[in-house]
Amino acid sequence: MFALQNKILLMRKFIFLFISLASLLFFLSANSCKKHKDVDPLSQLPPETQTGANTFGCVVNGKAFLPKGPSISPILFCYYQFLNNSSDHGYFFGLAGSDKSNSDDVWGIGLYTDSLQIHTGSFNLINNGKGNFFGKYTRVNQGGSFFIILPRLIREQ
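Residues 2 to 158 (the numbering used here) are what the sequence shown spells out, left to right.
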């Protein structure tokens, strides 16, 4: 009779331990299934500056695009200059950023002017040519490369 009572007690401890572990595993797995909140892409962009802080970011297809990659190659460049020579006359602006974090798949965004002074506002990005704003969206990967002339840039106020 004593052996039967020990077996029943042992069985109760085993059931208690099994239910405790099952409850713990359920709690841990249910807790780890939290849904990730969608992050506003505008909140991921660097703040606007007028100090030459060497930052750049934009939203492409609803996702934040920020230049990144190894420091041995440029990921961001910008210029604004006035040229007055035999082939070029006027203000030239260029701003380009690249995501080189994956060397097999490099993305780039560029905004440019040709012989045109820049100002704040909304701009139509027309094909490359004198007196125009234009933009390029590039991708270079193992399958080749392509670029798209951007049709419109809108700066929200």
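We put the beta carbon where it would ideally sit given N, CA and C, even for glycine. Source: prediction; values computed, not measured.
Residue pairing by DSSP puts I110 in a beta bridge opposite G98, Y138. In the assembly as shown, G109 is a buried residue. Its beta-carbon has 16 or more other beta-carbons within 10 Å.
With contacts defined by Cβ atoms closer than 8 Å, F83 and T114 do not form a contacting pair. Per the C-alpha coordinates, the member of N142, L43, P47, I9 positioned closest to K101 is N142. The beta carbon of V60 sits closer than 6 Å to the beta carbons of P42 from its chain, once the five residues preceding and following it are set aside; these are given in chain order.
Note that the C-beta distance between G95 and G111 is below 8 Å. Beta bridge pairing from DSSP links F83 with Y92. Within the same chain, Cβ atoms closer than 6 Å to the Cβ of Y80 are found at G95, the five residues on either side in sequence being excluded. If you draw a straight line from the Cα of D89 to the Cα of D39, it comes to about 46 Å. Counting every other CB atom within 10 Å of its CB across the protein chains shown gives I73 a total below 16, marking it as exposed. For K64, the uninterrupted beta strand (DSSP E) segment begins and ends at 64-66.
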